[in-house]
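Chemist: First the structure, then my questions, so here it is.
Protein chains: 2
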Amino acid sequence: MKDMALTIPTYDDMLEAHERIKPHINRTPVLQSQYLNELTGAELFFKCENFQEPGAFKVRGGSNAVFGLSDEMAEKGVCTHSSGNHALCLSYAAGRRGIPCNVVMPRTAPQAKKDAVKRYGGTITECEPSTSSREAVFAEVQAKTGGEFVHPYNDPRVIAGQGTCSKEFMEQTDGLDMMVAPIGGGGMISGTCLTLSTLAPEVKIIAAEPEQADDAYRSFKAGHIIADDAPETIADGLKVPLKDLTWHFVSNHVSDIMTATEDEIIDAMKITWKYLRIVMEPSCAVPLAIILKNKDAFAGKRVGVIVTGGNVDLDKLPWMMR
Amino acid sequence: MKDMALTIPTYDDMLEAHERIKPHINRTPVLQSQYLNELTGAELFFKCENFQEPGAFKVRGGSNAVFGLSDEMAEKGVCTHSSGNHALCLSYAAGRRGIPCNVVMPRTAPQAKKDAVKRYGGTITECEPSTSSREAVFAEVQAKTGGEFVHPYNDPRVIAGQGTCSKEFMEQTDGLDMMVAPIGGGGMISGTCLTLSTLAPEVKIIAAEPEQADDAYRSFKAGHIIADDAPETIADGLKVPLKDLTWHFVSNHVSDIMTATEDEIIDAMKITWKYLRIVMEPSCAVPLAIILKNKDAFAGKRVGVIVTGGNVDLDKLPWMMR
C-alpha cells in the first residue's frame, strides 16, 4: 500500500456516506453530567456511539462500505480483520444487506464481541494477538473467499463513514471548542478530522491513547508512523497501529495526542459508568482519563467526547479484576 | 390520612409541574434495541430516567414539590423517608433551591444512594429496613426539623411530577399500545395513570412487581390495600406499600399487575445492560422480566418501558453475587 497513491476521502464523501447509512444506524444521543463537569472543570458532551445497535461507531464505516458496493461486488461478500468492533459491525451491516462476512479476530478478543459476530451471521477465523499473525491469517481467508476487503480503518469508505459521527455531534451541540476521541488505528479520529476540518475548523481535535499502546503518540512526536506488533492494554480496541491513510489525517489535523495509564483508564471507566450511567468499553474511557489528568488543557472549554463502543464482558469488569 | 379527603392531582397539575421542573430535569432519551425486540416479539421503547442527573425519575416529583413551595415554607427545608432514590432526588432538588433536606433511610440502603444524598447536601438519619421503623424514626426527625414533609409517593405534588415522564414519552414516540413501569409505592405508576388517562387513554398501563414484594399485586386482586412490613427483594426501590392516593390511581387506571422472580429480574437486568448498554437498577428490570415471561401479552405491540433509575453499586452486581 505504501507506494500507491492514497485515495483521501472528501467532505462530500462523508455527506454521501451519511445519506447512505442513515437507514442502518442510530442518531445516537448526546449526554451530559453536571457531576463530571464539576469534576473536570470543563463542559463535557458525550456522544453515545455505544447505543448503536451493534454497540459501536464502527457500524458507520462498515455500513458505508457494505451498502456502497455494486450488486456484483457484493455477491462474494466482505472480509476483514479486527480486534472486535469492526468485525461485529461489518457482520451486522453485511447481515442487513444479506451478504457473507468473513472476519479474522485475535483469539484473545472479548467473548462478547465474538458472540456478536456469530449472532449477526459473520464467520470467524482466529489468529494470534499480534499484527503480524493477523495479517498472515487474513491473507489466507481473503484468498479463499474472494470477498471485498474492508479494512477496519485504513479505507476511505470507512473513514468517510466514521466522519458522520462528528457531523451529527456538531448538529446536536451548540458549538464545541475541542473534540476528544480515542485513537487506535485512527479511523474515528480520521473521520473526525475529515468532517471538522471543513465543518468546524476551529474545533481542536485531541486523540487519547493508552500509555501501554502509545504508538500513535510516538508517531505524532516523531513525524512518521511507528508501529508496535503486539501492545498490551485493557483498551482492547486500541492496540492496532496507524496506517498511511489515517496517518495523513492525524499528521495534518490533530492538535495533540495525550496518553493515560491502565489504572487511569479503569478509574475513568468506572466514573463514567457511575455518573453517566452508560455501559461502555475501556477504550472509551481514555478520553475522560486524559481530561482528568490534564485539567488545565480543558478547563472552561466545551469539550465533545466520542464514546466509541459498549461491547463489554459484564462478568469481567476491569475494576473487579485489579 | 385514611379518613381525610384525598387531594387527587389533576392533568393540569401535571402540566404545571412540567413547566416548573423543566429547568431542573433532563428530557431523557428513548432508546430501542432490535435485539430486544426480536427476543420479546414486541416493539420496545425505553425511556431512560436513569439519565437524570441524580439518576432517577424521582427528581421530577421532588423538584415539583421543592420548587412549588412558597419562600416562607421553603425556609425550614424539606424532609422525607425513602429507600434511596427519592432521598437523593429530593436532596438534589433542595440543593438546587438552596434549602435543607433531611432524610430517613434504611441502614441497608445501597451505599451508592447514601453517598449521593450526602454529595447533594442532604442529611441522613438511618432506620431499620421496615416500614414501621422508618415511620417511627421519621416522626422524630420531622418534629425536630419542622421541614415540609414530601412523601416519596403518596403526595399529589410528587405524583404530578412523575406524570411528566409519560408526557415526554408520548411526545417522543409515535403512539404506544402499552406502558410498563415498576411498582413499589406506586408513585411512577400513579403519575403514568394521571397523564395517560387524559392524554392517551387507549394505552394499557401495566405495573411490574417483584414476586417477593407483591403487595400491590395482591392488593389489586383483593380490591383493597394489603401492606407488607419488610419484604425482601433485590429490587430495593420496590419494597414499600401502596397508600391511599396511589391506590386511587392503581385501582382505577391500571390494566394489570404482573410479577417476576428474583432470578428473572437479575436475568432481565443483565440482558438490558448488555444489549441496551445502560446502567440501571434491579427495579428497572422488572418490566422487561415480566415482558419476557408473558410474551403473548406483549407480542406485536408497541410497548413503552420506563427505566426508573441507575444508582447501582458497581462493585456488587447481582449476577456476580448469585
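Residue numbers (numbering that gives the first Met the number 0), protein chains in the order written: chain A, 0 to 321; chain B, 0 to 321. We put the beta carbon where it would ideally sit given N, CA and C, even for glycine. This structure is a prediction, so every number in the text was calculated from the model and none was measured.
Hey, is K1 (chain A)'s beta-carbon within less than 9 Å of any beta-carbon in chain B?
Modeler: Low local confidence applies: a pLDDT of 43 at K1 (chain A) is under 50, so the model's placement there is unreliable, with the coordinate-based value given in what follows. Not one chain B Cβ lies under 9 Å of K1 (chain A).
Chemist: Pick helix, strand or coil for I20 (chain A), following the three-state DSSP scheme.
Modeler: When secondary structure is reduced to three states using DSSP, I20 (chain A) falls in the helix class.
Chemist: Spatial neighbours of N310 (chain A) within its chain, please: C-beta separation below 6 Å, excluding the five flanking residues on both sides.
Modeler: Once the five neighbours on either side are set aside, the close Cβ partners of N310 (chain A) are G54, A111, K112.
Chemist: Measure the alpha-carbon distance for A229 (chain A) versus R301 (chain A) and round it to whole angstroms.
Modeler: 35 Å
Chemist: Please decide whether I277 (chain A) counts as near chain B, where near means a Cβ-Cβ distance under 9 Å.
Modeler: True, the Cβ-Cβ gap to chain B drops below 9 Å.
Chemist: Does the beta carbon of D314 (chain A) sit closer than 9 Å to a beta carbon anywhere in chain B?
Modeler: yes
Chemist: In three-state terms, what does DSSP make of D2 (chain B)?
Modeler: Residue placement at D2 (chain B) is flagged as unreliable, the pLDDT there being 44, under the threshold of 50; the coordinate-derived value follows with that caveat. In this structure, D2 (chain B) counts as coil in the three-state DSSP scheme.
Chemist: Could you give the C-beta distance for N101 (chain A) and G83 (chain A), rounded to a whole number, given that I count them as a contact under 8 Å?
Modeler: With a Cβ gap of about 15 Å, N101 (chain A) and G83 (chain A) do not count as contacting.
Chemist: Using alpha carbons as the reference points, say which of A:P99, A:I277, A:R321, A:G120 lies closest to Q51 (chain A).
Modeler: A:I277
Chemist: So is K1 (chain B) buried or exposed if we call it buried at 16+ other beta carbons inside 10 Å?
Modeler: For K1 (chain B), the predicted model reports a pLDDT of 43, less than 50, meaning its position is unreliable; a value from the coordinates is still stated below. Result: exposed.
Chemist: Using beta carbons (cut-off 9 Å, strictly below), is F137 (chain A) in contact with chain B?
Modeler: no
Chemist: So with CB distances below 8 Å, who are the chain B contacts of Q171 (chain A)?
Modeler: Chain B residues near Q171 (chain A): none, gap ~11 Å exceeds 8 Å.
Chemist: Name the chain A residues that come within less than 7 Å of F50 (chain B), Cβ to Cβ?
Modeler: Going along chain A in sequence order, the residues near F50 (chain B) (Cβ under 7 Å) are L30, R276.
Chemist: Kindly indicate the opening and closing residues of the beta strand (DSSP E) around K203 (chain B).
Modeler: 203-209
Chemist: Measuring alpha carbon to alpha carbon, tell me which of A:A207, A:G67, A:E231 ends up nearest D154 (chain A).
Modeler: A:G67
Chemist: Could you spell out where the beta strand (DSSP E) holding T79 (chain B) opens and where it closes?
Modeler: 77-80
Chemist: What are the uninterrupted segments assigned as beta strand (DSSP E) that are 3 or more residues long and contained completely in the region 154-185 of chain B, given in chain order?
Modeler: Within the region 154-185 of chain B, complete beta strand (DSSP E) segments of at least 3 residues are found at 177-181, given in chain order.
Chemist: List the residues that DSSP assigns as beta-bridge partners of R301 (chain A).
Modeler: A:E42
Chemist: Between A:H223, A:A92, A:L14, A:R217, which lies nearest to V149 (chain A) when the distance is taken from Cα to Cα?
Modeler: Taking only the C-alpha atoms, the option nearest V149 (chain A) is A:A92.
Chemist: In angstroms with no decimal places, state the Cα-to-Cα distance between I225 (chain B) and V179 (chain B).
Modeler: In a straight line, the C-alpha of I225 (chain B) is about 22 Å away from that of V179 (chain B).
Chemist: Contact defined as beta carbons within less than 8 Å: I believe R96 (chain A) pairs with E125 (chain A). What is the distance between those atoms, to the nearest angstrom?
Modeler: Wrong, their Cβ atoms sit about 25 Å apart, outside the cutoff.
Chemist: Mind checking the region 247-281 of chain A against chain B and listing, in chain order, the residues whose C-beta falls within less than 9 Å of any C-beta there?
Modeler: K269, W272, K273, Y274, L275, R276, I277, V278, M279
Chemist: Does the separation of the CB atoms of I182 (chain A) and P317 (chain A) fall below 9 Å?
Modeler: no
Chemist: Would you please verify whether the beta carbon of G309 (chain B) is less than 9 Å from any beta carbon of chain A?
Modeler: Taking 9 Å as the CB threshold, G309 (chain B) lines the interface with chain A.
Chemist: To be precise: take each residue of the region 43-70 of chain B, compare its Cβ to all Cβ atoms of chain A, and keep it if any distance is under 7 Å. Which residues remain?
Modeler: N49, F50, E52, G54
Chemist: Do G162 (chain A) and P8 (chain A) have their CB atoms nearer than 9 Å?
Modeler: yes
Chemist: Note down the Cα distance separating A206 (chain A) from K242 (chain A), rounded to an integer number of angstroms.
Modeler: 16 Å
Chemist: Buried or exposed: T245 (chain B), going by 16 or more other Cβ atoms within 10 Å of its Cβ?
Modeler: buried
Chemist: What is the DSSP secondary structure of T29 (chain B), counted as helix, strand or coil?
Modeler: Note on identity: in this sequence residue 29 (chain B) is Val, with Thr being the wrong assignment. In the three-state reduction of the DSSP assignment, V29 (chain B) falls in the strand class.
Chemist: Can you confirm whether the region 281-295 of chain B touches the region 252-259 of chain A when touching is taken to mean that 3 or more C-beta pairs between the two stretches lie within less than 8 Å?
Modeler: Here the region 252-259 of chain A makes no contact with the region 281-295 of chain B; the two share fewer than three CB pairs at distances below 8 Å.
Chemist: Enumerate in chain order the residues of its own chain whose CB-to-CB distance from V29 (chain B) is below 6 Å, with the five nearest sequence positions on each side excluded.
Modeler: F44, K46, Q171
Chemist: Can you check which of these residues, A:E208, A:Y216, A:N251, A:A16, is closest to A288 (chain A) by C-alpha distance?
Modeler: Nearest of A:E208, A:Y216, A:N251, A:A16 to A288 (chain A), Cα basis: A:E208.
Chemist: For the putative contact between G120 (chain A) and A86 (chain A), defined by C-beta atoms under 8 Å, what is the C-beta separation to the nearest angstrom?
Modeler: The C-beta separation of G120 (chain A) from A86 (chain A) comes to about 12 Å, leaving the pair out of contact by the 8 Å criterion.
Chemist: If you draw a straight line from the C-alpha of D214 (chain A) to the C-alpha of L35 (chain A), how long is it?
Modeler: 29 Å
Chemist: Does the separation of the CB atoms of L198 (chain A) and K220 (chain A) fall below 9 Å?
Modeler: no
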